[in-house]
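Those letters in the sequence shown? Residues 75 to 289, by our numbering.
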Amino acid sequence: MVELPHRPLSKLALASRSSRARAEAPVHLWEMPRRTMATLRLDPRDTALVERAETALGLVLPRQPNTLTTDAKDGFVLWTSPDEFMIDLPGDPVAHGAAADGAAARIEALSEALATYFASVVEVSDQMAGIGLGGSYWREVWSKVSALDLHESQFAPGACAQTLAAKSNVLLYAPDLRSDGVRQIRLYTRRSFSQYLFLRLEDAAQEYGVTLQAY
Numbered sequence: 075m076v077e078l079p080h081r082p083l084s085k086l087a088l089a090s091r092s093s094r095a096r097a098e099a100p101v102h103l104w105e106m107p108r109r110t111m112a113t114l115r116l117d118p119r120d121t122a123l124v125e126r127a128e129t130a131l132g133l134v135l136p137r138q139p140n141t142l143t144t145d146a147k148d149g150f151v152l153w154t155s156p157d158e159f160m161i162d163l164p165g166d167p168v169a170h171g172a173a174a175d176g177a178a179a180r181i182e183a184l185s186e187a188l189a190t191y192f193a194s195v196v197e198v199s200d201q202m203a204g205i206g207l208g209g210s211y212w213r214e215v216w217s218k219v220s221a222l223d224l225h226e227s228q229f230a231p232g233a234c235a236q237t238l239a240a241k242s243n244v245l246l247y248a249p250d251l252r253s254d255g256v257r258q259i260r261l262y263t264r265r266s267f268s269q270y271l272f273l274r275l276e277d278a279a280q281e282y283g284v285t286l287q288a289y
């Protein structure tokens, strides 16, 4: 029997619920489209290896931990731990559209370029689910589910972090490097935790008013 891919938050019926939500609310909460994601592990002190990876991927790696780099096509690389980076590229790997095919080609080129080196590239798209959180009260909502301080003095555009939110392991980042402040964050968690995390965020936003969006 063929198993068709389904979105991690499909059981929440966000498309039907979003029409009943407040159109202009202080908090915006949405399910992110599926993206192509991969972990890259290498020694960031190995300049030649880093340059080889950057050439194959077409993206510069971050030079500071807990920061990210981006390209002009909504692609990101996050430095998540001493020897590990998360690659986040647009394009649903299941849809096989132009964006997805381009992202897959970049990951494949990276894997081939590092195949004989002390490095690894692992595609993790199917493991992850993305949630977007924004609006004028997003920080207040965040503070209800996590102890990590995301005050503007501590968390600026171009920052990323890993933490616990509502008992879920979360990778988060501020995607708009051109902004003078963080207007939204992207949250990634394991698919099995995504529905629980979304519902906790929605509940935390109720006192402010929340707009729900599906892709």
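Even glycine gets a Cβ: it sits at the ideal position worked out from N, Cα and C.
Pairing L114 with L163 gives a Cβ-Cβ distance that is not under 9 Å.
The C-beta separation of V101 from Y191 comes to about 45 Å, leaving the pair out of contact by the 8 Å criterion. In this structure G209 is buried. Its beta-carbon is surrounded by 16 or more other beta-carbon atoms within 10 angstroms.
A buried status is given to G232, since no fewer than 16 other beta-carbon atoms sit within 10 Å of its beta-carbon. For V244, the closest of F229, A203, V196, G255 by C-alpha to C-alpha distance is A203. In this structure the stretch 106–122 touches the stretch 195–202; the number of beta carbon pairs closer than 8 Å is three or more. When secondary structure is reduced to three states using DSSP, Q287 falls in the strand class. In the three-state scheme derived from DSSP, where H, G and I count as helix and E and B as strand, R213 is classed as helix. Residue V284 holds the alpha-carbon nearest to the alpha-carbon of E98 among V284, A288, T129.
Put simply, the stretch 217–233 touches the stretch 273–282. At least three CB pairs are less than 8 Å apart. At the C-beta level, V256 and A230 come within 9 Å of one another. Boundaries for E226: no beta strand (DSSP E) harbours it, and the DSSP string shows neither H nor E there. Of the other Cβ atoms in all chains shown, 16 or more fall within 10 Å of the Cβ of E105; this residue is therefore buried. Of all alpha-carbon atoms in Q258, A178, N140, V151, the one lying nearest the alpha-carbon of E128 is that of V151. Taken through DSSP and simplified to helix, strand or coil, G204 comes out as strand. Within the stretch 99–124, the beta strand (DSSP E) runs of at least 3 residues that lie entirely inside it are, in chain order, 101–105, 110–115.
For G149, the closest C-alpha among the options L88, F272, Y282, P249 is that of P249.
According to DSSP, Y247 shares a beta bridge with C234, R260. In this structure, the beta-carbon distance from F159 to L135 falls below 9 Å. In the three-state reduction of the DSSP assignment, S155 falls in the strand class, which pools E and B. Under the three-state reduction of DSSP, E197 is assigned to strand. Collapsing the DSSP output to three states places S84 in a helix.
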